[in-house]
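Scroll down for the structure; my scribbles are underneath it.
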Ligand code: G1P
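Residue numbers (this note's numbering): 127 to 414.
So this is what it looks like as structure tokens:
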């Protein structure tokens, strides 16, 4: 299996981040100075993918405008000799190849993924949800792709979560494993804590095979009345081996207010141009 395409689902209503997401899609909200969508695209590119399909709500192609040249801005930066910034702005236009895919109605994550069926065709593909932002020694998606290619099978990202967090996620049932790779035997979307098969939650990175589209096309509405990707994955697991990979690294829930702040602080403390000032500020804050 060779993965060359990625689907990024950026079609949510962003209700958890209102009013910030009223006019601009939440995927444009920044991690410090970089829109979340760019952070996700950079992860895809660093994982060897340059062919990117972005599922958007009708009219919300502004998410993709970020990757188009900004001719006047670039000319002005050049005129003013701000060459380093110019270089970083220009780089964004060339890092990958983008195609917008519209989801006419917000009928669920599974339905959003199904909209990419025609553009993906009969190939395996990566699926990335920009609510999950990763800071990993090797890109999270690269870790999954390696596992998927080595096992010639679809793979989902897994993270062990606190019991109280279980109802927020798809939770998997696995065969015992001594490594980061788990064979999945079941999964359930947003279970009650006492009904959950484990504390391993699916995070928003997947390597999928095209059979998923048939399963999504026939899926009945599940949790929350939406077409759920997790239900189609469960059906996939009945047909072929499906794995989970407990990735190495940190994940931020960028759609959650505290997760959003944590991402700013976490990434800020790793930025050479910001870390010292930010650390000093946090120390004063905690001391007071
Ligand atoms: C979606 C998936 C869920 C997964 C989560 C990861 O849920 O349906 O299985 O655990 O992403 O972030 P959502 O966050 O869209 O409710």
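Glycine is no exception: its CB is placed at the ideal position from the N, C-alpha and C atoms.
Item, Value
"Using 8 Å as the threshold, is the region 172-183 in touch with the region 254-274, meaning 3 or more CB pairs across them?", "yes"
"Beta carbon of residue 131, beta carbon of residue 143: below 8 Å?", "no"
"Could you give the first and the last residue of the continuous alpha helix (DSSP H) run that contains residue 220?", "209-220"
"Between the Cα of residue 362 and those of 349, 338 and 377, spot the shortest distance and give me the residue it belongs to.", "338"
"Output needed for residue 400: all residues of its chain with C-beta closer than 6 Å, excluding positions within five of it in sequence on either side, in chain order.", "394"
"Would you list the one or two residues that DSSP bridges to residue 261?", "376"
"Say whether the region 228-237 touches the region 344-355, bearing in mind that this needs 3 or more beta-carbon pairs closer than 8 Å, one atom from each stretch.", "yes"
"Is residue 229 a contact residue of the ligand G1P, with contact defined as CB to any heavy atom under 7 Å?", "no"
"In chain order, what residues of the same chain have a beta carbon less than 7 Å from the beta carbon of residue 334, not counting five sequence neighbours either side?", "250, 251, 253 and 280"
"Does residue 167 come out as helix, strand or coil in the three-state DSSP assignment?", "helix"
"Return the chain-ordered list of same chain residues with a C-beta closer than 6 Å to the C-beta of residue 241, the five sequence neighbours on each side being excluded.", "181, 227 and 229"
"Under the three-state reduction of DSSP, which class applies to residue 225: helix, strand or coil?", "strand"
"By how many angstroms is the C-alpha of residue 256 removed from the C-alpha of residue 320?", "29 Å"
"In its own chain, which residues sit with a C-beta less than 7 Å from the C-beta of residue 324, not counting the 5 before and 5 after it?", "297, 298, 299 and 300"
"Can you give me the Cβ contacts of residue 292 inside the same chain, cut-off strictly under 6 Å, excluding the 5 residues immediately before and after it?", "319 and 322"
"Which residues does DSSP pair with residue 356 in a beta bridge?", "The partner list for residue 356 (beta bridge, DSSP) is empty, contrary to what the question assumes."
"Using the Cα positions of residue 205 and residue 239, report the straight-line distance between them to the nearest angstrom.", "43 Å"
"Report the option in 407, 146, 309 and 164 whose CA atom is closest to the CA atom of residue 364.", "309"
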